[in-house]
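What follows is a set of notes on a single structure, which appears directly below.
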Amino acid sequence: MVPQEVTWQPLSVDLEWGKLSGKIGIIGSKDSKSSLRILGVHGWLDNANSFDTLAPFLPRGTELLALDLPGHGHSDHLPIGAHYDILSYVLHLKKAVVKCGWDKFIFIGHSMGACISSIFTSFFPEHVTALVSLDYIGVRDLSLATIQKHISVLFKGEELKKQKPVVYSEEQAVERLIKARINLGINAAIDRDAAYVLLPRSARQVEGGYVWTHDPRARANFQGMYGKSWHTYISQIKCPVLIVTASHGLFTSAVQEAFEEILDVYRSNAKWFDVVAVDGSHHVHLTHPKRVAEPLIAFLHRVVKETAPVPPLLARL
Numbered sequence: 001m002v003p004q005e006v007t008w009q010p011l012s013v014d015l016e017w018g019k020l021s022g023k024i025g026i027i028g029s030k031d032s033k034s035s036l037r038i039l040g041v042h043g044w045l046d047n048a049n050s051f052d053t054l055a056p057f058l059p060r061g062t063e064l065l066a067l068d069l070p071g072h073g074h075s076d077h078l079p080i081g082a083h084y085d086i087l088s089y090v091l092h093l094k095k096a097v098v099k100c101g102w103d104k105f106i107f108i109g110h111s112m113g114a115c116i117s118s119i120f121t122s123f124f125p126e127h128v129t130a131l132v133s134l135d136y137i138g139v140r141d142l143s144l145a146t147i148q149k150h151i152s153v154l155f156k157g158e159e160l161k162k163q164k165p166v167v168y169s170e171e172q173a174v175e176r177l178i179k180a181r182i183n184l185g186i187n188a189a190i191d192r193d194a195a196y197v198l199l200p201r202s203a204r205q206v207e208g209g210y211v212w213t214h215d216p217r218a219r220a221n222f223q224g225m226y227g228k229s230w231h232t233y234i235s236q237i238k239c240p241v242l243i244v245t246a247s248h249g250l251f252t253s254a255v256q257e258a259f260e261e262i263l264d265v266y267r268s269n270a271k272w273f274d275v276v277a278v279d280g281s282h283h284v285h286l287t288h289p290k291r292v293a294e295p296l297i298a299f300l301h302r303v304v305k306e307t308a309p310v311p312p313l314l315a316r317l
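The sequence shown lines up with residues 1 to 317 when you count with UniProt numbering.
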């Protein structure tokens, strides 16, 4: 599997409250553009660069749209008084794809991005040809104590926004990107190369170093509040679905047993469904993209083959 050149163009989408930033990449030469459109949705406190290392292994001619979620990367922060929630992300993403003229596409979502992509697909199935979830099966209910903890994080983030941002050297910024993912405690460790991929959108250069671009309020993560409704949401997903889990990620083989009911819902409702495990940690698509690319390419080829328009003559047979 040989990586191809990717031609990236920056993108900005104006919404009522601000802008979403991102980029569109054409895999291969500019002249090789095909009808295969993929929307990549990054994980919690990551950014659109999360797909940079995977992109060169996508089928030639693929058009890849990667957006920074609100409050992440180069996208604007939500207004004071608003907060970051899965439904909020879904609705902003819906408006963005309509503005971009993307009527139909394949989702590739990582972690929280897969949660967002899944709920989007259940709400707006007319837009989604297929769904790929990277190291994400589903969500469990948050305890009351955990919800209260994240509410405290949200309020603390509001106070941090009023303060002058801390300036870090490049080395400090890279080390903090690595350490922050280790501290998550979910096998989300990344190496230095991956940290340098994320850095240009995770931080911006100022006099004396770098400051973070993400909204500190976005550190509050409420996706677990969708746990009780998760089965209902994904039962509405009828398109083809691929889940790629990491052997040392969120859903190890031991944990996966607890999510067997969720996998059964996918099996019962999706046009077709597959779950594939690859060796690596939670960010394996970023650190070892070829491992993810192999099952992904096989899935995409099948999607293209089975969703291609039927010639009029064959349709009459």
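Ideal Cβ placement from N, Cα and C applies to all residues, glycine included.
1. Here's the rule: buried if 16 or more other CB atoms are within 10 angstroms of the residue's CB, otherwise exposed. What is D52?
2. Counting C-beta neighbours from all protein chains within 10 Å, is the total for F155 16 or more, i.e. buried, or is it exposed?
3. If contact is defined by three or more beta carbon pairs under 8 Å, each pair taking one atom from either stretch, is the region 287-298 in contact with the region 52-63?
4. Does the region 114-124 come within contact of the region 208-216, defined as at least 3 CB pairs closer than 8 Å?
5. To the nearest angstrom, report how far apart P312 and K305 are at their CA atoms.
6. For the beta strand (DSSP E) containing Q9, list its first residue and its last residue.
7. Only counting the same chain, and skipping five residues up and downstream in sequence, which positions put a Cβ closer than 6 Å to that of Q236?
8. Report all residues from its chain with a CB closer than 7 Å to the CB of P10; omit the five preceding and five following residues, and keep chain order.
9. Does DSSP put A189 in a helix, a strand or coil?
10. Helix, strand or coil for P312? Go by DSSP, reduced to three states.
11. Measure the alpha-carbon distance for A66 versus N49 and round it to whole angstroms.
12. Return the Cβ separation of A195 and I178 in integer angstroms, given the expectation that the two are a contact with Cβ distance under 8 Å.
13. State the Cα-Cα distance for the pair I243 and H285, rounded to the nearest angstrom.
14. Determine the burial state of M1: buried for a count of at least 16 other Cβ atoms within 10 Å of its Cβ, exposed for fewer.
15. Between the beta-carbon of L277 and the beta-carbon of S247, is there less than 8 Å?
16. Taking DSSP as the reference, what is the three-state secondary structure of S21?
17. Just checking my contact of L93 with R219 at CB under 8 Å: how many whole Å lie between their CB atoms?
18. Could you name the residues that DSSP lists as bridge partners for S133?
19. At the level of alpha carbons, what is the spacing between I262 and G227?
20. Output yes or no for whether 8 Å exceeds the beta carbon distance between S111 and H282.
21. Buried or exposed, going by whether 16 or more other CB atoms sit within 10 Å of the CB of G81?
22. Could you name the residues of the same chain whose beta carbon sits closer than 7 Å to that of T307, not counting the 5 residues immediately before and after it, in chain order?
23. Could you work out which residue in L87, F273, D279 is closest to residue 396 when comparing CA atoms only?
24. What's the gap between the Cα of S169 and the Cα of G40?
25. Going by other Cβ atoms of all chains shown within 10 Å of its Cβ, with 16 needed for buried, is N183 buried or exposed?
26. Express the C-alpha separation of T232 and E63 in angstroms, rounding to a whole number.
27. Taking 7 Å as the cut-off, is the C-beta of S50 nearer than that to any heavy atom in the ligand ATP?
28. If you draw a straight line from the C-alpha of S88 to the C-alpha of Q148, how long is it?
29. V304 by DSSP, collapsed to three states: which one?
30. Considering Cα atoms alone, identify which of R37, I190, I151 is closest to S143.
31. May I ask you to report which of helix, strand or coil DSSP gives Y233?
32. Give the single residue among D14, G28, H77 whose Cα lies nearest to the Cα of P216.
33. As an exercise, report each continuous alpha helix (DSSP H) stretch of at least 4 residues that is fully enclosed by the region 121-174, in chain order.
Once the coordinates are examined:
1. buried
2. exposed
3. yes
4. no
5. With a pLDDT of only 45 at P312, under 50, the local geometry of the prediction cannot be trusted, and the value read off the model is given with reservation. Distance between the alpha carbons of P312 and K305: 16 Å.
6. 6-14
7. S122
8. K23
9. coil
10. Because the pLDDT of P312 is 45, which lies under 50, any placement of that residue in the model is unreliable, and the question is left without a value.
11. 8 Å
12. 5 Å
13. 12 Å
14. exposed
15. Checking the sequence, you will find Ala at residue 277 rather than Leu. Contact flag set, yes.
16. strand
17. That pair is no contact at about 20 Å.
18. G109, I243
19. 11 Å
20. yes
21. exposed
22. T129
23. Nothing in the structure corresponds to residue 396, since the chain is present only between 1 and 317.
24. 30 Å
25. exposed
26. 31 Å
27. In terms of ligand content, the structure shown is empty, and the ligand ATP therefore cannot be addressed.
28. 20 Å
29. helix
30. I151
31. helix
32. H77
33. 144-160
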